[in-house]
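Following my numbering, the numbering of the first sequence begins with 1 at its first residue and continues without gaps.
Backbone N, C-alpha and C define an ideal beta-carbon position, used for all residues, glycine too.
Here the structure is a predicted model, which is why all the values come from computation and not from measurement.
Contents: one structure, followed by commentary.
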Amino acid sequence: RARTGIFSTPHGNLVTPVFAPVGTQATVKTLTPEHLKEINASLVLSNTYHLYLRPGDELVRDMGGLHKFMRWSGPMLTDSGGFQVFSLAQTRKVDEDGVTFKSHIDGSTHRFTPEKSIQIQENLGADIIMAFDECSDPNDHTYIQKAMERTHRWAERSLNAKKRSDQALFGIVQGGVDAPLRAESAKFIASLDTPGIAIGGLSVGETKQEMHDTLDVVTPLLPENKPRYLMGVGTPEDLINGVLRGVDVFDCVLPTRLARHHSAFAPEGRLNLMNATFARDERPIDETCDCYTCTTFTRAYIRHLIVAKELLAGTLISIHNLRALIRLMEQIRNFITDGTFELRVPELLNQWNNNAKRALQSK
RNA sequence: GUGCCUGUAGCUCAAUGGCAGAGCGCCACACUGUGGAUGUGGAUGUUGUGGGUUCGAAACCCAUCAGGCACC
Numbered sequence: 001r002a003r004t005g006i007f008s009t010p011h012g013n014l015v016t017p018v019f020a021p022v023g024t025q026a027t028v029k030t031l032t033p034e035h036l037k038e039i040n041a042s043l044v045l046s047n048t049y050h051l052y053l054r055p056g057d058e059l060v061r062d063m064g065g066l067h068k069f070m071r072w073s074g075p076m077l078t079d080s081g082g083f084q085v086f087s088l089a090q091t092r093k094v095d096e097d098g099v100t101f102k103s104h105i106d107g108s109t110h111r112f113t114p115e116k117s118i119q120i121q122e123n124l125g126a127d128i129i130m131a132f133d134e135c136s137d138p139n140d141h142t143y144i145q146k147a148m149e150r151t152h153r154w155a156e157r158s159l160n161a162k163k164r165s166d167q168a169l170f171g172i173v174q175g176g177v178d179a180p181l182r183a184e185s186a187k188f189i190a191s192l193d194t195p196g197i198a199i200g201g202l203s204v205g206e207t208k209q210e211m212h213d214t215l216d217v218v219t220p221l222l223p224e225n226k227p228r229y230l231m232g233v234g235t236p237e238d239l240i241n242g243v244l245r246g247v248d249v250f251d252c253v254l255p256t257r258l259a260r261h262h263s264a265f266a267p268e269g270r271l272n273l274m275n276a277t278f279a280r281d282e283r284p285i286d287e288t289c290d291c292y293t294c295t296t297f298t299r300a301y302i303r304h305l306i307v308a309k310e311l312l313a314g315t316l317i318s319i320h321n322l323r324a325l326i327r328l329m330e331q332i333r334n335f336i337t338d339g340t341f342e343l344r345v346p347e348l349l350n351q352w353n354n355n356a357k358r359a360l361q362s363k
C-alpha cells in the first residue's frame with residue numbers, strides 16, 4: 001500500500017512520502033531557512049498554540065503572515081493547538097464547545113474552540129491547517145469514545161468555520177488503539193470534504209505493534225486520492241513502517257529534540273555524541289551521509305562542542321538528524337517508484353532499527 | 001628561621017571518637033502533532049604521609065610533607 005504522490009500548495013508541490021521538520025515557534029530550532037533548503041526540506045510545521053500565545057496570531061498576520069514573518073518560502077502546515085492544550089497547558093477544562101486552559105508561559109487563562117483555532121490558523125496563513133481535535137489520555141478507554149465523537153463534531157465545525165480558500169484543512173482521525181473506534185473515526189473523517197486526512201493520537205506511549213495495528217485498520221478506509229498524515233511520528237523505523245501502511249506525510253520533533261540532547265541518527269544506531277568514547281573519534285556522524293555536518297566535521301569536534309555547551313552543537317546535529325530522515329524519505333520514494341520498496345523493507349528496518357543495533361552492540 | 005591556619009571524591013565543602021557524605025562535575029540511559037527542558041540509573045576515596053593513643057581515629061597525640069598567612 002506504499003505509494004508516492006504530489007500534493008500541490010500555494011507555496012509549491014509536496015512530493016510524498018515526506019517528512020516535515022517541526023518549527024514550533026516559527027523557527028526550526030537552531031536552524032535558518034537556508035539550512036532547511038540545503039537539507040531539501042519541503043514542508044515545515046508550526047504551532048497554533050505557541051504562536052497564538054506569543055507573539056500573537058494577529059501580529060503574525062499584520063507582519064504579512066507566517067511565511068513572510070519567518071522567511072520560509074516553501075509549504076507550511078500549522079497544528080490546531082488541540083494536542084498542545086492536552087500536553088503543555090497547565091490546567092485544562094474540556095466542554096462540548098471547546099477547551100479552557102492556562103498558558104504554560106505565564107499562567108493566563110485562554111479558550112480555544114474549533115472556530116477560534118481556525119481563525120488563528122487563517123491569521124497565521126499556513127498552506128495546510130488542521131481541524132481542532134481532542135486528545136485524550138490513551139489509557140482512559142471509556143473516555144476515548146467520547147473524545148473521538150467530540151473530535152468528529154469539532155471537525156465539522158472547523159470545516160464550517162473556514163473562510164480562506166487558499167488553505168487546505170485536514171480532518172483528524174482519533175479513537176486511541178481501539179480498532180472499532182478507529183474504523184468508525186476513519187470512515188467519518190473520510191466522509192468529510194477535506195483535501196487530506198490526518199491520523200492523530202498515536203506515538204503517545206502505545207507499543208509499536210499497537211501503532212501498526214491501528215494504521216492497518218485506518219488507512220484501508222481512507223480515500224486513495226487524499227494524502228494521509230501521521231501526526232507526531234517519528235523514528236526512522238516508524239517512517240518505514242508508516243509508509244509501508246500507506247502514510248504519506250509525517251512530522252516529528254524527535255530529530256531536532258534529540259539533536260539538542262546530543263543524540264544523532266547513525267548507521268550503527270542512535271549515537272549519544274556526548275559519550276566519552278567519541279572524544280578522539282575522527283569519523284563523521286555517518287560516513288554515508290551527504291549533509292554539511294557529515295561532510296565537514298568529526299565526532300570528536302562535535303563532542304567537544306557538546307561538552308563545552310556550545311550552541312553550534314545543536315545546529316550541526318539538527319542538520320544531520322533532519323537530513324537523515326529526509327534522505328531516508330528520498331530513498332523510499334525512489335524504491336516505491338522502481339517497485340522495490342516492499343522488498344527492501346527488511347533491509348531498511350535492519351539499517352535503522354535501534355533495538356536490533358543495540359542488541360548487537362551489547363554482545 | 002619562628003608562629004598560626006589549612007589539607008576528606010575531579011572541584012567546593014560536610015561529617016568532632018561510632019557504617020566517609022552532599023552539591024556540582026564525571027559515566028551512562030530515556031525523550032515521537034517541541035519547555036534548548038526534564039527525568040532515571042551508575043562510578044568515584046591509602047581522609048597529604050608515617051607512627052602512636054583507643055574496643056573503635058577523618059577527628060585526639062607525635063613526627064613529617066605541601067599550600068597559605070603573619071613575624072623575623
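Query	Result
Counting along the chain, where does the beta strand (DSSP E) carrying Ile197 start and finish?	Gly196 to Ile199
Taking 8 Å as the cut-off, decide whether the C-beta atoms of Ile128 and Leu59 are in contact.	no
For Asp97, which residues from the same chain have a beta carbon less than 6 Å from its beta carbon, with the 5 sequence-adjacent residues on both sides left out?	Thr113
Start and end of the alpha helix (DSSP H) containing Phe19?	No alpha helix (DSSP H) contains Phe19, which is instead part of the beta strand (DSSP E) from Val18 to Pro21.
Ile105: which of Gln25, Glu206 and Thr214 sits nearest, CA to CA?	Gln25
Tell me the residue span of the beta strand (DSSP E) that contains Asn272.	Gly269 to Asn272
What are the start and end residues of the beta strand (DSSP E) that includes Gly314?	Element bounds for Gly314: not the beta strand (DSSP E) but the alpha helix (DSSP H), Leu312 to Thr337.
Tell me whether the beta-carbon of Ala131 lies closer than 8 Å to the beta-carbon of Leu88.	no
Candidates Glu287, Ile302 and Tyr301: which alpha carbon is nearest Thr295's?	Glu287
To the nearest angstrom, report how far apart Phe387 and Ser103 are at their CA atoms.	Residue 387 lies beyond the residue range present for the chain, which begins at 1 and ends at 363; the question has no answer from this structure.
Going straight from the alpha carbon of Arg1 to that of Thr219, what length do you get?	9 Å
Just to confirm the assignment, what range does the alpha helix (DSSP H) spanning Arg299 have?	Arg299 to Val307
Distance, Cα to Cα, Ile332 vs Leu31?	25 Å
Please list the terminal residues of the continuous alpha helix (DSSP H) segment that includes Arg92.	Note, Arg92: premise wrong, no alpha helix (DSSP H); beta strand (DSSP E) at Arg92 to Val94.
Assign Gly165 to buried or exposed, taking buried as 16 or more other Cβ atoms, counted over all protein chains shown, within 10 Å of its Cβ.	The displayed chain sequence assigns Ser, not Gly, to residue 165. Exposed: under 16 other Cβ atoms inside 10 Å.
Mind checking whether Leu159 and Thr194 have CB atoms under 8 Å apart?	yes
Note down, in chain order, each residue of its chain lying with its Cβ closer than 7 Å to the Cβ of Ala266, except the 5 sequence neighbours on either side.	Ile285 and Asp286
With a threshold of 6 Å on Cβ separation, who are the neighbours of Thr151 within its own chain once the five nearest residues in sequence on each side are excluded?	Asp133, Glu134 and Gln174
On the three-state DSSP scale, how would you describe Val44?	strand
Per DSSP, which residues does Tyr229 bridge with? Please list them.	Ala198 and Val249
Specify whether the segment 315–328 and the segment 251–270 touch according to this definition: at least 3 beta carbon pairs, one from each stretch, less than 8 Å apart.	yes
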